Amino acid sequence: MSSPSGSPSSPSPRPTLSLVLPIYNEEAVIPELDRRLRAFFDGLPELAGSWEVVFVNDGSADASADLLGDLARNERRYRVLHFARNFGHQAAITAGLDRAEGDAVVVMDADLQDPPEVVRDMLARWREGFDVVYGVRSKRHGETLFKRATAHLFYRLMAMGLGVKIPADAGDFRLMSRPVVLTLRSLRERHRFMRGLVAWVGFRQTAVYYERPERFAGETKYPLRKMLRFALDGVTSFSTTPLRIATWLGAISGAAAVGIGVWALYIKLFTDKTVQGWTTLTLLLALTASAQMLVIGLLGEYVGRIYEEIKNRPLYIVARETGVDSDSAERR
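So the sequence shown is numbered by the numbering used here: it starts at 2 and just counts up by one.
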């Protein structure tokens with residue numbers, strides 16, 4: 002494309018800061034989110050308008066798409082990706098990182114539990130030379146005791162079972178430098194655990210602490226079922242520990258079976274007593290069968306992930322984009 006004078010047009014300067022926000026059925030939050038974002042950017046005159054916000058509509062079934070479209074029409078630095086269907090939170094983060102052009106990119110939830118104001122502290126640490134600045138929740142308001150307890154257990158178990166160190170009580174709310182984002186773009190595995198991938202790539206990392214408020218409106222998008230699946234993806238993506246546990250379970254069950262067999266033969270061959278304890282044997286057999294099923298299930302999880310990877314399907318499909326040239330929409 003050429004400028005009116007006939008000379009080639011210069012490329013747009015890269016923004017200093019990009020925000021990536023996955024959106025799924027957040028119509029009740031979007032107006033307040035827009036207000037908070039504008040207030041946040043107005044309080045950062047040092048950026049001089051050098052920022053962008055990438056919303057990723059993850060197949061919302063409510064009015065989120067229409068509301069985001071209105072925002073993009075009124076603010077040129079807002080851009081919206083609309084998925085063809087719901088691909089999940091981690092895929093939405095991936096799509097946002099694929100599109101973000103900032104020197105620093107911040108991933109945050111749209112429910113305002115990740116306060117935009119904390120990004121100011123992240124930017125300060127980034128300017129000190131850190132490549133990843135993750136938010137650590139010092140307090141979690143509006144969450145049940147069960148949710149807090151399971152989250153605490155989740156992070157500690159992950160620290161024990163993974164080959165990478167994931168900061169405790171840190172979610173996906175974090176700032177990443179451009180080199181980190183470009184590195185993450187090259188990692189295209191399907192079962193994505195983004196906070197694990199960010200820890201795996203390395204670079205200089207540090208934390209900022211904040212109190213996590215309760216949701217502004219709406220319901221959590223991570224019920225117990227999704228949290229369990231998320232935890233399983235995290236473990237199986239970065240560790241073969243479950244397979245080792247399965248091996249030890251098999252070895253223990255086998256040793257127990259051999260011991261029982263030797264005992265039964267001794268009773269039969271060298272004593273005149275009949276073998277007692279059929280209830281105990283039945284229970285042991287049931288335990289052995291359960292261990293076998295557990296091992297098969299664990300193997301199935303890993304084999305299933307191999308199957309998903311070799312199909313090499315796209316991580317997500319963008320149906321359309323608003324706030325940018327529609328011809329730039331593509332499949333990834």
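The beta-carbon is built from N, C-alpha and C at its ideal position, and this holds for glycine as well. It should be emphasised that the depicted structure is a prediction, and the values quoted were computed from it without experimental measurement.
Would you report the Cα separation of residue 91 and residue 66, rounded to the nearest angstrom?
By one-based count along the sequence shown, residue 91 stands at place 90. By one-based count along the sequence shown, residue 66 stands at place 65. Roughly 19 Å between the two C-alpha positions.
Mind checking whether residue 80 and residue 55 have CB atoms under 8 Å apart?
Counting from one through the sequence shown, the residue named residue 80 turns up at place 79. Counting from one through the sequence shown, the residue named residue 55 turns up at place 54. Yes, the pair counts as a contact, with Cβ atoms nearer than the cut-off.
Output the residue ranges of the beta strand (DSSP E) runs that lie fully inside the stretch 14-101 and measure 3 residues or longer, sorted by chain position.
18-24, 52-58, 79-84
Return the CA-CA distance between residue 40 and residue 46, expressed in angstroms with no decimal places.
Counted from its first residue, the sequence shown places residue 40 at position 39. Counted from its first residue, the sequence shown places residue 46 at position 45. Straight across, the Cα-Cα distance linking residue 40 with residue 46 is about 11 Å.
Using CA atoms only, rank isn't needed, just tell me which of 208, 104, 96 is closest to residue 174.
Looking up residue 174 in the sequence shown gives position 173. It is 208.
Hey, how far is the Cα of residue 59 from the Cα of residue 260?
Position 58 of the sequence shown, counting from 1, holds the residue named residue 59. Position 259 of the sequence shown, counting from 1, holds the residue named residue 260. In this model, residue 59 and residue 260 are separated by some 55 Å (Cα to Cα).
Excluding five sequence neighbours on each side, which residues of the same chain lie with their C-beta closer than 6 Å to the C-beta of residue 120?
Counting from one through the sequence shown, the residue named residue 120 turns up at place 119. Correct list, in chain order: 107.
Could you name the residues that DSSP lists as bridge partners for residue 172?
By one-based count along the sequence shown, residue 172 stands at place 171. Paired residue(s): none; residue 172 is not in a bridge.
For the ligand FMN, is there any heavy atom lying closer than 7 Å to the beta carbon of residue 31?
Here there are no bound small molecules, and the ligand FMN is not part of this structure.
Would you report the Cα separation of residue 103 and residue 311, rounded to the nearest angstrom?
Against the sequence shown, residue 103 aligns to sequence position 102. Against the sequence shown, residue 311 aligns to sequence position 310. Approximately 32 Å between the Cα atoms of the pair.
Any idea what DSSP makes of residue 138, helix, strand or coil?
The count along the sequence shown starts at 1 and reaches residue 138 at position 137. Three-state result, residue 138: strand.
State yes or no: is the C-beta of residue 137 within less than 8 Å of the C-beta of residue 176?
Translated into the one-based positions of the sequence shown, residue 137 becomes position 136. Translated into the one-based positions of the sequence shown, residue 176 becomes position 175. Taking 8 Å as the Cβ cut-off, residue 137 and residue 176 do not qualify as a contacting pair.
At which residues does the alpha helix (DSSP H) containing residue 196 begin and terminate?
If you number the sequence shown from 1, residue 196 lands on position 195. Looking at the DSSP string, the run of the alpha helix (DSSP H) that includes residue 196 is 195-202.
Mapping DSSP to helix, strand and coil, what is residue 307?
On the sequence shown, position 306 is the one that residue 307 refers to. Note: residue 307 maps to helix in three-state DSSP.
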